[in-house]
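In UniProt numbering, the protein residues as written are 1 to 742.
The beta carbon of each residue, even a glycine, is placed where N, CA and C say it ideally should be.
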């Protein structure tokens, strides 16, 4: 029953309550014609009520729908309100804040605080505005001594040196004095080096989202001296601290308000402050926590910052056995474990930390509910229409730890339980959808071998059953069947192999697969990978008789090492993804080279995707994508290439606004695709961003004037343009601003 059906029944019952009882009794005896009439009236009444409620919501900017915001902007005299900046694409930006705060902006016009707030509301990115004249090195007047602003940099002040590093916050937090620049404060010219001037206001934006990861299973790198990596593929990744929420416009952003990497000295200061509190401290306030072999989080004195402090030799409680200690490296994302002072590898290491990324792509701890709903809605699986279609028959929850309430402790056991249900002979268990929810972020060893029967679908999703929170703060027990795909990043150590019968389907969501995803010869109807990280390749096999001839392969918002399809697969759709062969061996140096997509008999659709490798297809439709290697299409009379970068020498269908031109030399083009130091390497929060030196035909060459590649849906150039336009009325007279980091 849907929500609308429930409301209709409630309104029908209300209307019937207004009638005398004998009328209702006679209606029931005569066939219920009056009940049916009241049901129709209740449906229309619900429609009128919804319309009135929508009109009431439109009176307030906090509740008004997006289409009403331009009209509210007219009421406060706000001109030039930007169009859609990605609010419906998971980009996390809305025009609501700009309209709601316009009056507050005008009350603080000309201040650096309002410049920060306007840019933040327009772009959705944390922002730091700096009046650069305050950082100019000048001769100090004897009557106005400024000891807090020395001209010389102290080599003993390591914290100031870290804050001044361009790699930390683009220089937004620097305390060092600079000489005056006479050039304009324009990031688009002269490398943005004209920022320090008397009339300049440098506005730094941070298009990085920070995700808190709770009890993530770290990956052992080998010997105890090598330690454990928090990145699921074992590569280096910087840790972050979750930024604080700014509550007032007057507040100027500081380090704790910005999504910047966690400095070792900042972490050390937080640990020391927590250690000083002793038993009164709360370890959950720290940005890092470590659990050994499933135990409680280690006390702050057991967590040491590598390179800044040594292991302790004394237990504060006086226990002669020190037990476990760890050293953490927030720069590389490494944890090393020690038992009684000796490097030792435990059975498992769980880490609570935070990491950064530009977009919600690949497996992660972000809220995947909208993407999961879209994946289910777009799945071509229909099921057996005579038995209820794609209905959910049952669900199985997998969680490490003692089984309780029918839970399984491994994914293999969960699949075995679902296979037993499929094998049941009762008619109500044939077909439909079976859901296997992985409810923690552990590493599950062992390859998965799945056989999906005819007209059935398996949904393997990183999700947990949530309990409803009551008004008094209590939380009810988890409700079986109501799962929430949020906050988890489990890892499957091994291949995922599936064999499908006629009309069957498999959907993977939110998983890290440390291996290949293989579809064996059969007749699978659909394979969907949504918001996953596949360290291997997606491979579809086939024979003359079992060639998966009706299979529709869909990859959305995922990181995969490659796609290889047998020639009988009809369609492949890749949307908002990164296909990078370097994923297959992330620790190799140099990175492995291999084809990105091999689908010689398939109609391939690529939208908003970055491909680091060759692409072979029969028919190709590509939009707003980056193809760094040769693209070869067999049937060039069908399909189209639009708003994309295609490597020189590619053989594609007709092109529309693609770069470079087919007859243009392309020797220097690939260099524009590098995103600066470390930005194209796995583990970087900017992976895989464009270089600031990339030509505008690439940075703004995608559809709608956005950038090409996997970050196209963020519409970053459009956000930056809107910020420059809307902040201009609030800039102090005689001053000029420059936007950095967009």
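**Study point:** Cβ-based neighbour list, residue 585, same chain, cut-off 6 Å, excluding 5 preceding and 5 following
**Key:** Numbered from 1 along the chain shown, position 585 holds the residue referred to as residue 585. Cβ within range, chain order: 592.
Review point. Would residue 49 be called buried (16 or more neighbouring beta carbons within 10 Å of its own) or exposed?
Key: Position 49 of the chain shown, counted from the start, is the residue given in the question as residue 49. Exposed: under 16 other Cβ atoms inside 10 Å.
Check your understanding: Beta-carbon separation of residue 511 and residue 490 under 8 Å?
Key -> Within the chain shown, residue 511 is the residue found at index 511, counting from 1. Within the chain shown, residue 490 is the residue found at index 490, counting from 1. Yes; because the gap between Cβ atoms is below 8 Å, this pair is in contact.
Review point. Candidates 735, 742 and 739: which alpha carbon is nearest residue 199's?
Key: For the purposes of this step, residue 199 is identified with residue 199 of the chain shown, where counting begins at 1. Among 735, 742 and 739, the Cα nearest to that of residue 199 is on 735.
Practice item. Tell me whether residue 185 is buried or exposed, calling it buried when 16 or more other Cβ atoms sit within 10 Å of its Cβ. Key: One-based indexing of the chain shown puts residue 185 at position 185. Its Cβ being crowded by 16 or more others within 10 Å, residue 185 is buried.
Review point. How do the region 202-218 and the region 336-350 stand: do at least 3 beta-carbon pairs fall below 8 Å, yes or no?
Key: Taking a cut-off of 8 Å on C-beta distances, the region 202-218 touches the region 336-350, as three or more cross pairs fall below it.
Review point. Terminal residues of the continuous beta strand (DSSP E) containing residue 726?
Key: Against the chain shown, residue 726 aligns to sequence position 726. Per DSSP, residue 726 belongs to no beta strand (DSSP E); it is in the alpha helix (DSSP H), 716-727.
**Study point:** Simplified DSSP assignment, three categories, for residue 160
**Key:** Mapped onto the chain shown, residue 160 falls at position 160. Three-state DSSP puts residue 160 in a helix.
Practice item. Run through the region 334-419 for me and flag every whole beta strand (DSSP E) of 3 or more residues, listed as ranges in chain order. Key: 334-339, 349-357 and 392-398
Check your understanding: Does the beta-carbon distance from residue 334 to residue 228 come in below 8 Å?
Key -> Position 334 of the chain shown, counted from the start, is the residue given in the question as residue 334. Position 228 of the chain shown, counted from the start, is the residue given in the question as residue 228. Between residue 334 and residue 228, the C-beta gap is smaller than 8 Å, which places the two residues in contact.
**Study point:** Beta-carbon proximity of residue 362 to residue 208, cut-off 8 Å
**Key:** Taking the first residue of the chain shown as 1, we reach residue 362 at position 362. Taking the first residue of the chain shown as 1, we reach residue 208 at position 208. Result no, Cβ atoms of residue 362 and residue 208 do not sit closer than 8 Å.
Practice item. Identify which residue in 488, 462, 396 and 515 has its Cα closest to the Cα of residue 447. Key: For the purposes of this step, residue 447 is taken as the residue at position 447 of the chain shown. Nearest C-alpha to residue 447: 515.
Check your understanding: Which class does residue 115 belong to by DSSP, given the choice of helix, strand or coil?
Key -> Position 115 of the chain shown, counted from the start, is the residue given in the question as residue 115. Here residue 115 sits in helix by DSSP.
Review point. Okay, do the region 275-291 and the region 338-345 touch, 3+ Cβ pairs below 8 Å being the bar?
Key: no
Check your understanding: Counting pairs of Cβ atoms below 8 Å between the region 93-106 and the region 231-240, do you hit three or more?
Key -> Here the region 93-106 does not lie against the region 231-240, with fewer than 3 beta-carbon pairs under 8 Å apart.
Practice item. Report yes if the CB atom of residue 119 is closer than 8 Å to the CB atom of residue 727, and no otherwise. Key: The count along the chain shown starts at 1 and reaches residue 119 at position 119. The count along the chain shown starts at 1 and reaches residue 727 at position 727. Closer than 8 Å, so yes.
Check your understanding: Taking the runs of the beta strand (DSSP E) that are 3 residues or longer, which of them lie wholly in the region 614-652?
Key -> As summarised for the region 614-652, the continuous beta strand (DSSP E) elements at least 3 residues long and confined to that stretch are 615-623, 631-633 and 640-642, given in chain order.
Practice item. Going by DSSP, name the residue or residues bridged to residue 216. Key: Walking along the chain shown from the start, residue 216 turns up at place 216. Partner(s): 351.
Exercise for review: Give the range of the beta strand (DSSP E) segment to which residue 131 is assigned.
Suggested key: By 1-based counting over the chain shown, the position of residue 131 is 131. Unbroken beta strand (DSSP E) run through residue 131: 127-131.
Point to revise | Helix, strand or coil at residue 22 [DSSP, three-state] | key: Here residue 22 corresponds to residue number 22 of the chain shown, with the count starting at 1. Here residue 22 sits in helix by DSSP.
Point to revise | residue 600, enclosing beta strand (DSSP E) - first and last residue | key: The residue labelled residue 600 in the question sits at position 600 within the chain shown. Here the beta strand (DSSP E) through residue 600 covers 597-607.
**Study point:** Separation of residue 715 from residue 88, as counted between CA atoms
**Key:** Locating residue 88 in the chain shown gives position 88, where the first residue counts as 1. Locating residue 715 in the chain shown gives position 715, where the first residue counts as 1. Only weak support exists for where residue 88 lies, its pLDDT of 49 falling under 50; the value from the coordinates is given anyway. Residue 88 and residue 715: Cα-Cα distance of roughly 11 Å.
Check your understanding: Going by DSSP, what residues sit across from residue 486 in a beta bridge?
Key -> Taking the first residue of the chain shown as 1, we reach residue 486 at position 486. According to the DSSP secondary-structure assignment, residue 486 is paired through a beta bridge with 367.
Review point. Does DSSP put residue 316 in a helix, in a strand, or in coil?
Key: On the chain shown, residue 316 is found 316 positions in, with the first residue counted as 1. Residue state, collapsed to three classes: coil.
Review point. What do you reckon, are the CB atoms on residue 201 and residue 115 nearer than 8 Å?
Key: What you label residue 201 is simply residue 201 of the chain shown in a count that begins at 1. What you label residue 115 is simply residue 115 of the chain shown in a count that begins at 1. Yes, they are a contact pair.
**Study point:** Extent of the continuous alpha helix (DSSP H) run through residue 524
**Key:** On the chain shown, position 524 is the one that residue 524 refers to. Run containing residue 524: none in the alpha helix (DSSP H); it sits in the beta strand (DSSP E), 524-530.
Exercise for review: Just tell me which of 657, 518 and 129 has its CA closest to the CA of residue 449.
Suggested key: In the chain shown, counting from the first residue as 1, residue 449 sits at position 449. Taking only the C-alpha atoms, the option nearest residue 449 is 518.
Review point. Given a threshold of 16 other Cβ atoms within 10 Å of its Cβ, counted over all protein chains shown, does residue 203 qualify as buried or as exposed?
Key: Locating residue 203 in the chain shown gives position 203, counting from the first residue. Buried.
Review point. Helix or strand or just coil, what does DSSP make of residue 29?
Key: Here the question's residue 29 lines up with position 29 in the chain shown. In the displayed model, residue 29 falls within a helix according to three-state DSSP.
**Study point:** Supposed contact pair residue 254 and residue 288 - C-beta distance, whole angstroms, cut 8 Å
**Key:** Along the chain shown, read from residue 1 onward, the residue named residue 288 stands at position 288. Along the chain shown, read from residue 1 onward, the residue named residue 254 stands at position 254. At roughly 20 Å, the Cβ-Cβ gap does not stay under 8 Å, so residue 288 and residue 254 are not in contact.
Point to revise | DSSP-derived helix/strand/coil call for residue 137 | key: The sequence position of residue 137 within the chain shown is 137, counting from 1. DSSP places residue 137 in coil when its eight states are reduced to three.
Review point. Applying the criterion that 16 or more other CB atoms from any shown protein chain within 10 Å of the CB defines a buried residue, is residue 259 buried or exposed?
Key: Taking the chain shown and counting its residues from 1, one reaches residue 259 at position 259. Residue 259 should be labelled buried.
Check your understanding: Under the three-state reduction of DSSP, which class applies to residue 696: helix, strand or coil?
Key -> What you label residue 696 is simply residue 696 of the chain shown in a count that begins at 1. Correct three-state label for residue 696: helix.
Point to revise | Assigned secondary structure, residue 687 (DSSP; H/G/I helix, E/B strand, else coil) | key: Counting from 1 along the chain shown, the entry for residue 687 is found at position 687. Residue 687 sits in coil when the DSSP states are folded into three classes, being neither helix nor strand.
**Study point:** 8 Å CB neighbourhood of residue 17 in its chain, flanking five on each side removed
**Key:** In the chain shown, counting from the first residue as 1, residue 17 sits at position 17. Here the set comprises nothing.
Practice item. Measure the C-alpha to C-alpha separation of residue 336 and residue 298 and round it to an integer number of angstroms. Key: The residue labelled residue 336 in the question sits at position 336 within the chain shown. The residue labelled residue 298 in the question sits at position 298 within the chain shown. Rounded to whole angstroms, residue 336 to residue 298 spans 13 Å at the Cα level.
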